[in-house]
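So the structure is just underneath, and the comments pick up after that.
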Amino acid sequence: MTYRIAPSILSADFARLGDEFKNIIAAGCDWIHFDVMDNHYVPNLSFGPMICSALRPHAKTAAGVAVPIDVHLMVQPVDALAAAFAEAGADFISFHPDASGHVHRSIQAIKAQGCKAGLVFNPAQPLDVLDWVIEDIDLILIMSVNPGFGGQSFIESSLRKIEDVRRRISASGKDIRLEVDGGIKTDNIRRVADAGADTFVAGSAIFGKPDYKAVIDAMRAALAAS
Numbered sequence: 023m024t025y026r027i028a029p030s031i032l033s034a035d036f037a038r039l040g041d042e043f044k045n046i047i048a049a050g051c052d053w054i055h056f057d058v059m060d061n062h063y064v065p066n067l068s069f070g071p072m073i074c075s076a077l078r079p080h081a082k083t084a085a086g087v088a089v090p091i092d093v094h095l096m097v098q099p100v101d102a103l104a105a106a107f108a109e110a111g112a113d114f115i116s117f118h119p120d121a122s123g124h125v126h127r128s129i130q131a132i133k134a135q136g137c138k139a140g141l142v143f144n145p146a147q148p149l150d151v152l153d154w155v156i157e158d159i160d161l162i163l164i165m166s167v168n169p170g171f172g173g174q175s176f177i178e179s180s181l182r183k184i185e186d187v188r189r190r191i192s193a194s195g196k197d198i199r200l201e202v203d204g205g206i207k208t209d210n211i212r213r214v215a216d217a218g219a220d221t222f223v224a225g226s227a228i229f230g231k232p233d234y235k236a237v238i239d240a241m242r243a244a245l246a247a248s
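Using our numbering, read the sequence shown as starting at 23 and increasing by one per residue.
And the structure:
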């Protein structure tokens, strides 16, 4: 399985966000994760599509290889802001099904903009909507903390949900990324992978540390361990 590490810029130093963006790419991340919060669906306010648009030209390695921008919308309603982030250069756009009046239509709207679409599930949220739309999505994001703030501790019951989603993906026969966001650290990333995840969002575990590459390398080493 190919694993991807997606640092969340929610935990970056906003006073030097451009440098943080470049440094995390130089450290070897696979994706860059944008946690978009509206002070409505969640009790926090982060950033909008202008930040994505400003950083998009810098989302490439020193060799010029593009680094995907992975946008997690914690907003309600979904569609207008999803379109704005698509225009700003997002590659993946995920949203919470309970924040959309019409989940299937929101998925279609994201894909019509040329982006890959994903659904996000909170810790206590059922997965029933996947019965109807799993064939239409490219990513499923499981929240292993309650959405809204960085730096929270991993919720252990999320492992069961990750296992459930992995079974659903396998049964679908589709190539769908299974991403996990919340409390991911070097000492638990292997357990999360064993449950079935392949993409890992990490914020405070990476940003704020003196050596971003050392943390990412340690996560990769943990993932490579048998």
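Ideal Cβ positions, reconstructed from N, Cα and C, are used throughout, including at glycine. None of these values were measured; they are calculated from a predicted model.
Presumed contact (8 Å Cβ cut-off) between Ala283 and Asp160, rounded CB distance: The question about residue 283 has no answer here: the residues shown for the chain are numbered 23 through 248.
Boundaries of the alpha helix (DSSP H) in which Ile162 is found, first to last residue: Your numbering for residue 162 matches position 140 in the sequence shown. Premise fails: Ile162 lies in the beta strand (DSSP E), Leu161 to Met165, not in any alpha helix (DSSP H).
Whole-number beta carbon distance between Leu245 and Arg213, since they are thought to touch under 8 Å: On the sequence shown, position 191 is the one that residue 213 refers to. On the sequence shown, position 223 is the one that residue 245 refers to. Actually they are not in contact, since the Cβ atoms of Arg213 and Leu245 sit about 11 Å apart, beyond 8 Å.
Ser75, enclosing alpha helix (DSSP H) - first and last residue: Here residue 75 is taken as the residue at index 53 of the sequence shown, counted from 1. Start and end: Pro71 to Leu77.
At least 3 beta-carbon pairs within less than 8 Å: the segment 100-109 vs the segment 77-89: no
Test item: CB-CB of Ile228 and Arg190 under 8 Å: One-based indexing of the sequence shown puts residue 228 at position 206. One-based indexing of the sequence shown puts residue 190 at position 168. Not a contact, by the Cβ cut-off of 8 Å.
Separation of Val142 from Met72, as counted between CA atoms: What you label residue 72 is simply residue 50 of the sequence shown in a count that begins at 1. What you label residue 142 is simply residue 120 of the sequence shown in a count that begins at 1. Cα to Cα, Met72 sits roughly 23 Å from Val142.
Nearest to Asp57 (by Cα), restricted to the options Gly86, Ile115 and Asn45: For the purposes of this step, residue 57 is taken as residue 35 along the sequence shown, with counting starting at 1. When only C-alpha atoms are compared, the closest one is Ile115.
Residue span of the alpha helix (DSSP H) that contains Lys235, given as start and end: Within the sequence shown, the letter at position 213 stands for residue 235. Here the alpha helix (DSSP H) through Lys235 covers Tyr234 to Ala246.
Pro99 in three-state terms, based on DSSP: For the purposes of this step, residue 99 is taken as the residue at position 77 of the sequence shown. If DSSP states are grouped into helix, strand and coil, Pro99 belongs with coil.
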